[in-house]
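A.B. asks:
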Amino acid sequence: SRPVKTLAIETSGSPAGVGVFEGAQALACRSIPGARSLEASLVGAMDECLRGLGLTPSGLGGLAVSVGPGSYNGLRVGVSSARALASALGLPLVAVPTLDAVARRCAPPPGTTLVVAFESRRETVVWRRYRDGLPLGPAAMGSPGEACAGLEGPVWLAGNARSRYPRALADPGVTRGVDLEAPPVEAIGEMAASLAESEPHLVVPVYLRAALRPSPARGPR
1 SRPVKTLAIE TSGSPAGVGV FEGAQALACR SIPGARSLEA SLVGAMDECL RGLGLTPSGL
61 GGLAVSVGPG SYNGLRVGVS SARALASALG LPLVAVPTLD AVARRCAPPP GTTLVVAFES
121 RRETVVWRRY RDGLPLGPAA MGSPGEACAG LEGPVWLAGN ARSRYPRALA DPGVTRGVDL
181 EAPPVEAIGE MAASLAESEP HLVVPVYLRA ALRPSPARGP R
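Position one of the sequence shown corresponds to residue 1 (this note's numbering), numbered consecutively onward.
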């Protein structure tokens, strides 16, 4: 049988992206810079990817979508578009945890804590911590300085949080940074190949809220 081709959608950050994959191999990817109409740009990028490969939507065998955490509006558009397309084509949909997909592409030395952290909105980031390929706890949201607070030993920091908030994340324990403006769609497509499929209506975005605490003075950027 022919290998299944999967359309992957990543809209948790900016730029967003779409790609067509065969297993974990990317066949074509398109980046979507910040646009006034993400939904229209998403449709156009999907069409470009498919036409470039000589495919139509009917040639797809499945879809995958980044479910966050990340941009509220981006996730809303990406997940709703993926659900609608999967339902219309009668295809399964894979929900890909965004931070886990980025972590999977990083390869810190054994015993190193990996923190994947992206800006969510001004002065707020979403993050998750990992060690030796396993998460150390759930994803969280809060001030930039909280992402690496309390960690001991060597730390790798992946994402855009360090470039956005260099003073708040100037921890001497951070031995290396993996700077990413946004989660790459390649990470979503690669991880989707190892995850179970879902019914489209069961796929929902992961939205986080920052923990409630007294408002501190404005911190350094």
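Where a beta carbon is used, it is the ideal one built from N, C-alpha and C, also for glycine.
On a predicted model such as this, the values are computed, not experimentally measured, just so you know.
(1) Should S12 go down as buried or exposed, given a rule of 16 or more other Cβ atoms within 10 Å for buried?
(2) May I ask you to verify whether the stretch 82-94 touches the stretch 28-38, counting CB pairs closer than 8 Å and requiring at least 3?
(3) Within a Cβ cutoff of 8 Å, which residues of the same chain sit near V18, ignoring the five residues on either side of it in sequence?
(4) Span of the alpha helix (DSSP H) holding E186?
(5) Can you tell which of T175, G133 and S120 has its C-alpha closest to the C-alpha of P183?
(6) Give me the Cβ distance between L38 and G74, rounded to the nearest whole Å; I'm assuming they're in contact under 8 Å.
(7) Only counting the same chain, and skipping five residues up and downstream in sequence, which positions put a Cβ closer than 6 Å to that of T98?
(8) Considering Cα atoms alone, identify which of Y165, A103, V77 and G62 is closest to A139.
(9) Alpha carbon to alpha carbon, how far is L60 from P3? Give it in angstroms, no decimals.
(10) Could you pull the DSSP bridge partners for V18 from this structure?
C.D. replies: By the coordinates alone:
(1) The residue in question, S12, is buried, as its Cβ has 16 or more Cβ neighbours within 10 Å.
(2) Contact between the stretch 82-94 and the stretch 28-38 is absent: fewer than three C-beta pairs spanning the two stretches fall below 8 Å.
(3) Within the same chain, V18 has close Cβ partners L7, A8, I9, E10, C29, R30, I32, L42, A45, M46, C49 and V185.
(4) V185 to A192
(5) S120
(6) Rounded, the Cβ-Cβ distance is 7 Å, consistent with contact.
(7) S12, S66, G68, G70 and P183
(8) A103
(9) 10 Å
(10) I9 and R30
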